[in-house]
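To start, the structure under review is shown below, and the notes come after it.
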Amino acid sequence: MEQLVKIRRLFPDGAAEVVRIRESACSGDCHKCSGCGAAKETMVFRAENPINAQAGELVIIRSETAPVLMAAAVLYLMPLVLFFAGYFLGEAIWQQGTLPGCGGFLLGLCLSILYDRKIARKQKTTYIITGRFGDMIPESHRERDNDLD
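Sequential numbering of the sequence shown, starting at 0, is according to numbering that gives the first Met the number 0.
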């Protein structure tokens with residue numbers, strides 16, 4: 000997974016503190032839809048800096064996608080799967096699936112929370128700076144961007 004971030008400062012060990020502003024799902028154009036009131040969240044985290052980028056630069060960072068997808072699958076799918084399992088099991092045994100289905104859903108939520116806490120303690124996501132944002136823009140576009148100043 001790649002993201003565009005700005006380097007805030009450098010650490011003596013060569014790593015960098017980077018900042019990313021996460022906007023809401025509506026892309027932050029609140030004036031277009033009469034203002035939804037969605038807040039922007041500033042995320043600050045540490046990234047390895049093998050390209051020796053400097054403070055203030057816009058850079059591309061990469062992180063592993065698999066842990067994020069696994070966490071999303073557990074968070075969203077486990078309660079849903081356990082709801083249906085409880086519902087159909089309850090229907091087959093007691094001809095009443097609603098209560099066992101709700102119980103399965105709650106069990107899935109609890110397991111998701113436990114999984115999230117375990118992952119938060121155990122596994123830290125590693126971010127690596129892979130390139131400068133300016134390097135990704137073709138030369139012809141850079142000249143055009145300078146004309147706008």
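Ideal placement from N, C-alpha and C gives every residue a C-beta, glycine not left out.
What does the alpha-carbon distance come out to for the pair residue i and residue j?
i, j, result
"residue 87", "residue 78", "14 Å"
"residue 133", "residue 39", "25 Å"
"residue 109", "residue 52", "42 Å"
"residue 117", "residue 76", "18 Å"
"residue 50", "residue 119", "28 Å"
"residue 10", "residue 46", "10 Å"
"residue 82", "residue 102", "7 Å"
"residue 61", "residue 90", "47 Å"
Using a 10 Å radius around the Cβ and a threshold of 16 neighbouring Cβ atoms, would you call residue i buried or exposed?
i, result
"residue 55", "exposed"
"residue 104", "buried"
"residue 72", "exposed"
"residue 112", "exposed"
"residue 65", "exposed"
Along the chain, where does the beta strand (DSSP E) that runs through residue i open and close?
i, result
"residue 44", "40–46"
"residue 15", "15–21"
For my contact list, residue i and residue j are in at a C-beta cut-off of 8 Å; report their separation, rounded to the angstrom.
i, j, result
"residue 58", "residue 20", "Contact doesn't hold; Cβ gap of about 15 Å is too wide."
"residue 48", "residue 13", "6 Å"
Which residues mark the beginning and the end of the alpha helix (DSSP H) in which residue i is found?
i, result
"residue 92", "65–93"
Assign residue i to one of three DSSP states: helix, strand, or coil.
i, result
"residue 112", "helix"
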